[in-house]
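**Q** Below is one structure. I have some questions about it.
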Amino acid sequence: MNRQKEISGFANQLYALLKKVPKGKVTTYGALAKAAGRPRASRAVGNALNANPFAPQVPCHRVVRSNGEVGGFAGGTDKKIRILKDEGVAVKNEKIVLFEERLFEF
DNA sequence: ACGGTGACGCTCA
DNA sequence: TTGAGCGCCACCG
Numbered sequence: 144m145n146r147q148k149e150i151s152g153f154a155n156q157l158y159a160l161l162k163k164v165p166k167g168k169v170t171t172y173g174a175l176a177k178a179a180g181r182p183r184a185s186r187a188v189g190n191a192l193n194a195n196p197f198a199p200q201v202p203c204h205r206v207v208r209s210n211g212e213v214g215g216f217a218g219g220t221d222k223k224i225r226i227l228k229d230e231g232v233a234v235k236n237e238k239i240v241l242f243e244e245r246l247f248e249f
């Protein structure tokens, strides 16, 4: 509900890592959490990205669920899918096509 | 300090 | 395979 624009250390790490993800590829909340040093904080990752103050600067739309689903998006899942497709990532029924091949590893 | 919330992940039926 | 339940972590009031 509340929007918090303040950036915390944890979130800051997520943004830095996320900026390393190349266009046309995607990563997962779990992998991102792990890279940030909290392999079990996949949920916290979602919370941090939800308040993402760097909108297009940080490709938060390239973060998807571990099962290949696009997951959620502040602007709407539909919007997220649209962006991914625009970057060359095929999405079918809210799921990444060739998910594992699109996955970017830190 | 405590409880509630949420763009998740995994296990079980 | 699909759906429901439980666990995890960080942030907010």
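In the working numbering, each number is its position in the first sequence, counted from 1, plus 143.
All C-beta atoms, glycine included, are put in the ideal place defined by N, C-alpha and C.
Within 10 angstroms of the Cβ of Lys223, are there 16 or more other Cβ atoms? Answer buried if so, exposed if not.
**A** On the first sequence, position 80 is the one that residue 223 refers to. Burial check for Lys223: the Cβ neighbour count within 10 Å reaches 16 or more, so the residue is buried.
**Q** Rounded to whole angstroms, what is the Cα-Cα separation between Asn145 and Asn190?
**A** In the first sequence, counting from the first residue as 1, residue 145 sits at position 2. In the first sequence, counting from the first residue as 1, residue 190 sits at position 47. Any answer about Asn145 is weak, because its pLDDT of 47 lies below 50 and its placement is not dependable; what the coordinates show is given next. Distance between the alpha carbons of Asn145 and Asn190: 11 Å.
**Q** In its own chain, which residues sit with a C-beta less than 6 Å from the C-beta of Ser209, not counting the 5 before and 5 after it?
**A** Numbered from 1 along the first sequence, position 66 holds the residue referred to as residue 209. The answer, listed in chain order, is Thr171 and Gly173.
**Q** Within 10 angstroms of its Cβ, does Leu302 collect 16 or more other Cβ (buried), or is it exposed?
**A** Residue 302 is absent from the structure shown; the chain starts at 144 and stops at 249.
**Q** Could you tell me the alpha carbon to alpha carbon distance between Ala187 and Glu243, rounded to whole angstroms?
**A** The count along the first sequence starts at 1 and reaches residue 187 at position 44. The count along the first sequence starts at 1 and reaches residue 243 at position 100. For Ala187 and Glu243, the distance between alpha carbons rounds to 23 Å.
**Q** Spatial neighbours of Pro202 within its chain, please: C-beta separation below 7 Å, excluding the five flanking residues on both sides.
**A** The residue given as residue 202 occupies position 59 in the first sequence. Only Leu161 and Val164 meet the Cβ criterion.
**Q** At what residue ranges does the region 179–205 contain a whole run of the alpha helix (DSSP H), taking only runs of 4 or more?
**A** 185–193
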